[in-house]
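Here the sequence shown stands for residues 355 to 878, where the numbers follow the working numbering.
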Amino acid sequence: MSTTTADAPGASAPAAQPAFRPPNLALTTIGLALASFMQVLDITIANVSLPTIAGNLGASSNQATWVITSFAVSNAIALPLTGYMTRRFGERKLFVWATFAFVVASLLCGLASSMGFLVAARAIQGFVAGPMYPVTQALLISIYPPAKRGQAIALLAMVTVVAPICGPILGGWITDNYSWEWIFFINVPIGIFASLVVANQLRGRPEKLETPKMDYVGLFTLIIGVGALQTLLDLGNEEDWFESTKIVWLGITAVIGLAVFLIWELTEKDPIVNLRLFRHRNFAFGTIAMVLGYSAFFAVGLLIPLWLQRNLGYTPIWAGFATAPIGILPVLLTPLVGKYATRFDLRILASFAFMVMAFTSFLRSGFNLDVDFQHVSMVQLWMGLGVALFFMPVLTILLSDLEPHEIAAGSGLATFCRTLGGSFAASLTTWAWNQRSTLHHAQLTEHIPAHDPTMQQTVTALGGGDLQRGAMLLEQMIAQQATQIGFNEIFHLLGILFLVVIAFVWMAKPPFAAKVGGAAAGGH
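Okay, here's the thing in C-alpha cells:
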C-alpha cells in the first residue's frame, strides 16, 4: 500500500500540519449543509408523489415502490464504503464529485420517460448520496476550531431532523402545483452551488491519500448481503413476508452474504469496511444508542402521517402540516445546543432527550379518533425538544474516541447502521400495526351477536333503516377502533424503547471531545 499526501508533499505527519481553515467558514458551512440537506431530503421527497409518477409513466403502484427501494438499497451499500473511498480519493474530492454526480443523477431522474429508467437513475442517485453525509460530518469537524465543533455537529443534526420532515410536504406541494419532475430538478442548482463552493473553499486542504488494495470479497459480499437485506425490508409488507418465495430467497441470500462478509472483514488485513472501529467503547455504545433511538424516532415519523390519513381522514399535505411542528424546536435550539451542550455531561442531555421522546410516545398511546389537529401538533412540538437534544450529544459521544483519521469511516459506518435501523423500524412497525389491528378487529367482532334481534335493530337504525348499510358502517367503526388500539399499543412500546436507550448512553465513558477535538487540518 503506497501513500501520498495531497497538497502537502513535504509533510511528515498530519499532526505537524497547521490547522486548515477555509477563507470563508460561513460560506463553506452553507455549502456543506445544503448538500446534506438535499441528500437527506431526497430520501422522503418522492414518497407522496409515487401515485402521480406511476400514472404518468404508465406503471403499477407496485412498480413505483422501486423508486424508493432502489435508492435505499444502493445507499445502504455505499454508506459503509465511505472509509475506503476517503482513503483512496480524499474527503474534499469525494464530497465534490459525489455531490456533482448526485446532480447528474437527479437530472436523469427528472428526465426519465419510463419507470425502468427512473429506477436506474434513483439507484445511481442513492449510491453517490452514500458518502455525502459522513464526509460532510468529517469535513465540518476538521475545519471548525475545537471550541466550536459542537455547533457544527448540532447543525448537521438539525439537517438530519428537518429534511425528512420537509420532504413529503415539499414533494406534495411541488407535485400538486407543478409536476413531479421538479422534485428532482430542484437538486440541480443546489448541488452545483454546494459542489463549487466546497471545491473552491477547501482547495489546498491537506489530505492523506492511500492506495489500498481492493477487497473484492468484502465488496461482493457487502453488495449481495446488504442489497438482499434492504430489498427484503422494503418489500416485506407488500409480499406478506415469508409467505412469499421471493422474500424467503432474499432472506437466505442476506444471511449467507452478511455472515461471509462479517467473517471476512474481521479477519482481512485491509478490509473495505473497517468493522474494528467497534473496538472503541464510545463508538460501539454510541452507535447502538443512535440506531435504537433513531429507529424509534423513524417509526414515529412514519406512523403519525399514516394514522392521520387512515384513521382521521387527513390529506397528505395536512398530515404533513400536523407533523411538521416537530422540527420547530430543533431549528430554534440548534445554536444553543451546539454552543453550550459541551459544558454538560452529554449523557445527561441525551437521557433527558429520550425521556421527553418517551413521554410524548406515552401521550400518543392515549390518542383516540376524536383527537384534534392542535393536540396532535402540540405533542409533535414537544417531541421536538427531545429531538433537539438527541442527535448532537449522541453523535458527539460515538465519534469521541475515534482517531482523527477514523472519523469519516466511523461516521459512514454509524450512518449505515442508523439507516438500516430505520429500514427495520419502517418494516416492523407497519407489520406490527397491521397484525395488532387484525387481532383487535377479530376480538371486537367476537362480542357482537349477529343474530340477536336487538343488535339487528340497532344496526338497522345505524343505517337509517337499511340493515346492509348499517352493517357496513358498523364494520368501518370496528376497523377504525381496531386500528386505533393497535396504534396506541405500538406507541406504548416505542415509549419503553426510548427509555431502554438511556442505558446504552450511560455505558459510554467521558471524555467526549478529546480526539474529535484533535482532528487536525483534514489529515484523514
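All residues carry an ideal CB built from backbone N, CA and C; glycine is no exception.
Practice task
Taking 8 Å as the cut-off, decide whether the C-beta atoms of residue 444 and residue 561 are in contact.
Solution key: For the purposes of this step, residue 444 is taken as the residue at position 90 of the sequence shown. For the purposes of this step, residue 561 is taken as the residue at position 207 of the sequence shown. Residue 561 sits close to residue 444, with the two beta carbons spaced by under 8 Å.
Practice task
Flag this pair as yes or no: are the beta carbons of residue 791 and residue 837 separated by less than 8 Å?
Solution key: As a working note, residue 791 is residue 437 in the sequence shown. As a working note, residue 837 is residue 483 in the sequence shown. In contact: residue 791 and residue 837 (Cβ atoms closer than 8 Å).
Handout entry: CB of residue 422 within 8 Å of CB of residue 452, strictly
Key = For the purposes of this step, residue 422 is taken as the residue at position 68 of the sequence shown. For the purposes of this step, residue 452 is taken as the residue at position 98 of the sequence shown. No, Cβ-Cβ distance for residue 422 and residue 452 is not below 8 Å.
Problem - Cβ-heavy atom distance, residue 837 to the ligand HEM, below 7 Å - result: In the structure on display, the ligand HEM does not appear, and there are no ligands present to speak of.
Problem - alpha helix (DSSP H) segment containing residue 693, residue limits - result: By 1-based counting over the sequence shown, the position of residue 693 is 339. That run of the alpha helix (DSSP H) goes 682-694.
Exercise for the section: In angstroms with no decimal places, state the Cα-to-Cα distance between residue 431 and residue 395. Expected result: The count along the sequence shown starts at 1 and reaches residue 431 at position 77. The count along the sequence shown starts at 1 and reaches residue 395 at position 41. The straight-line gap from Cα to Cα measures roughly 19 Å.
Exercise for the section: Measure the alpha-carbon distance for residue 726 versus residue 732 and round it to whole angstroms. Expected result: Against the sequence shown, residue 726 aligns to sequence position 372. Against the sequence shown, residue 732 aligns to sequence position 378. Approximately 10 Å, taken between the alpha carbons.
Practice task
Let me know the alpha helix (DSSP H) ranges lying completely inside the region 477-551, each 4 residues or longer, listed in chain order.
Solution key: Listed in chain order, they are 486-497, 503-531 and 536-539.
Practice task
Report yes if the C-beta distance between residue 835 and residue 689 is below 8 Å; otherwise report no.
Solution key: Numbered from 1 along the sequence shown, position 481 holds the residue referred to as residue 835. Numbered from 1 along the sequence shown, position 335 holds the residue referred to as residue 689. The beta carbons of residue 835 and residue 689 sit no closer together than 8 Å.
Practice task
Could you pull out every residue in the same chain whose Cβ sits closer than 7 Å to the Cβ of residue 856, ignoring the five residues on either side in sequence?
Solution key: Counting from 1 along the sequence shown, the entry for residue 856 is found at position 502. 705 and 708, listed in sequence order.
Exercise for the section: Mark residue 686 as exposed unless 16 or more other C-beta atoms lie within 10 angstroms of its C-beta, in which case mark it buried. Expected result: If you number the sequence shown from 1, residue 686 lands on position 332. Sixteen is the threshold: since fewer than 16 other Cβ atoms of the shown chains lie within 10 Å of the Cβ of residue 686, the residue is exposed.
Problem - Spatial distance of residue 842 from residue 406 (CA atoms) - result: On the sequence shown, residue 842 is found 488 positions in, with the first residue counted as 1. On the sequence shown, residue 406 is found 52 positions in, with the first residue counted as 1. Taking the straight line joining both Cα atoms gives about 32 Å.
Handout entry: Candidates 787, 773, 747 and 684: closest to residue 738 by CA position
Key = What you label residue 738 is simply residue 384 of the sequence shown in a count that begins at 1. Selection 787, 773, 747 and 684 evaluated against residue 738 yields 684 as nearest (Cα-Cα).
Problem - Assigned secondary structure, residue 564 (DSSP; H/G/I helix, E/B strand, else coil) - result: Start at 1 with the first residue of the sequence shown, and residue 564 comes out as number 210. Here residue 564 carries a strand assignment [DSSP, helix/strand/coil].
Practice task
Ignoring anything shorter than 4 residues or poking outside the region 740-804, list the alpha helix (DSSP H) runs there in chain order.
Solution key: Correct list: 745-753 and 761-800.
Exercise for the section: With distances taken Cα to Cα, identify the nearest neighbour of residue 859 among 818, 769 and 636. Expected result: To locate residue 859, count along the sequence shown from 1; it is residue 505. Residue 636 is the option with its Cα nearest to residue 859.
Practice task
Would you mind sorting residue 806 into buried or exposed? The rule is 16 or more other CB atoms within 10 Å of its CB.
Solution key: Stepping through the sequence shown from its first residue, residue 806 is reached at position 452. It counts as exposed.
Exercise for the section: Could you check what DSSP says for residue 665 in three-state terms: helix, strand or coil? Expected result: Locating residue 665 in the sequence shown gives position 311, counting from the first residue. The answer is coil: DSSP assigns residue 665 none of H, G, I, E or B.
Practice task
Please name the residue in 664, 571 and 625 whose C-alpha comes closest to that of residue 784.
Solution key: Taking the sequence shown and counting its residues from 1, one reaches residue 784 at position 430. Comparing Cα positions, the closest option is 664.
Handout entry: Three CB pairs or more closer than 8 Å across the region 639-649 and the region 771-779
Key = The region 639-649, when compared against the region 771-779, does touch it at the 8 Å Cβ threshold.
Practice task
Could you give the DSSP three-state label for residue 376: helix, strand or coil?
Solution key: Counting from one through the sequence shown, the residue named residue 376 turns up at place 22. Coil, per DSSP.
Problem - Nonlocal neighbours in the same chain, by C-beta distance under 8 Å from residue 516, ignoring five residues either side - result: Here residue 516 refers to the residue found at position 162 when the sequence shown is read from its first residue. If we look at residue 516 and ignore the five residues flanking it on each side, its Cβ neighbours are 391, 681, 684 and 685.
Practice task
Can you give me the start and stop residues for the alpha helix (DSSP H) that residue 861 sits inside?
Solution key: Along the sequence shown, read from residue 1 onward, the residue named residue 861 stands at position 507. For residue 861, there is no enclosing alpha helix (DSSP H), as DSSP marks it with neither H nor E.
Handout entry: Complete runs of the alpha helix (DSSP H) confined to the region 565-642 [at least 4 residues]
Key = DSSP runs (the alpha helix (DSSP H)) wholly in the region 565-642: 570-589 and 599-621.
Problem - Spatially closest choice to residue 545 from 619, 554 and 450, by CA coordinates - result: Locating residue 545 in the sequence shown gives position 191, counting from the first residue. When only C-alpha atoms are compared, the closest one is 450.
Exercise for the section: With a 10 Å radius around its C-beta and 16 neighbouring C-beta atoms as the bar for buried, classify residue 863 as buried or exposed. Expected result: Within the sequence shown, the letter at position 509 stands for residue 863. Classification of residue 863: exposed, given that the 10 Å Cβ count is below 16.
Handout entry: Three-way DSSP call (helix, strand, coil) for residue 816 in this model
Key = For the purposes of this step, residue 816 is identified with residue 462 of the sequence shown, where counting begins at 1. Note: residue 816 maps to helix in three-state DSSP.
Practice task
Determine the direct distance from the alpha carbon of residue 771 to that of residue 919, and round the result to whole angstroms.
Solution key: Summary: the structure shown does not reach residue 919, with the chain confined to residues 355 through 878, and so no result is reported for it.
Handout entry: Backbone secondary structure at residue 466 - three-state DSSP
Key = Along the sequence shown, read from residue 1 onward, the residue named residue 466 stands at position 112. DSSP, read as helix, strand or coil, puts residue 466 in coil.
Practice task
State yes or no: is the beta carbon of residue 722 nearer than 8 Å to at least one beta carbon in chain D?
Solution key: Going by chain labels, chain D is absent from the structure shown, which holds only one protein chain.
Practice task
Could you please give the first and the last residue of the uninterrupted alpha helix (DSSP H) stretch that includes residue 556?
Solution key: Start at 1 with the first residue of the sequence shown, and residue 556 comes out as number 202. Segment: none, residue 556 is in no alpha helix (DSSP H) and carries neither H nor E.
Handout entry: Close beta carbons around residue 619, own chain, < 7 Å, minus the five adjacent residues each side
Key = Residue numbering aside, residue 619 sits at position 265 when the sequence shown is read from its first letter. Annotation for residue 619: 572, 625, 627 and 629 place their beta carbon closer than 7 Å to its own, counting only its chain and skipping 5 residues before and after.
Handout entry: Cβ-Cβ separation, residue 491 to residue 754 (assumed contact under 8 Å), whole Å
Key = As a working note, residue 754 is residue 400 in the sequence shown. As a working note, residue 491 is residue 137 in the sequence shown. Going by Cβ atoms, the distance from residue 754 to residue 491 rounds to 13 Å, so no, they are not a contact pair.
Problem - Residues of its chain near residue 547, where Cβ-Cβ distance is below 8 Å and the 5 sequence neighbours each way are ignored - result: For the purposes of this step, residue 547 is taken as the residue at position 193 of the sequence shown. Sequence-distant Cβ neighbours of residue 547 in its own chain, meaning closer than 8 Å and more than five residues away, are 385 and 388.
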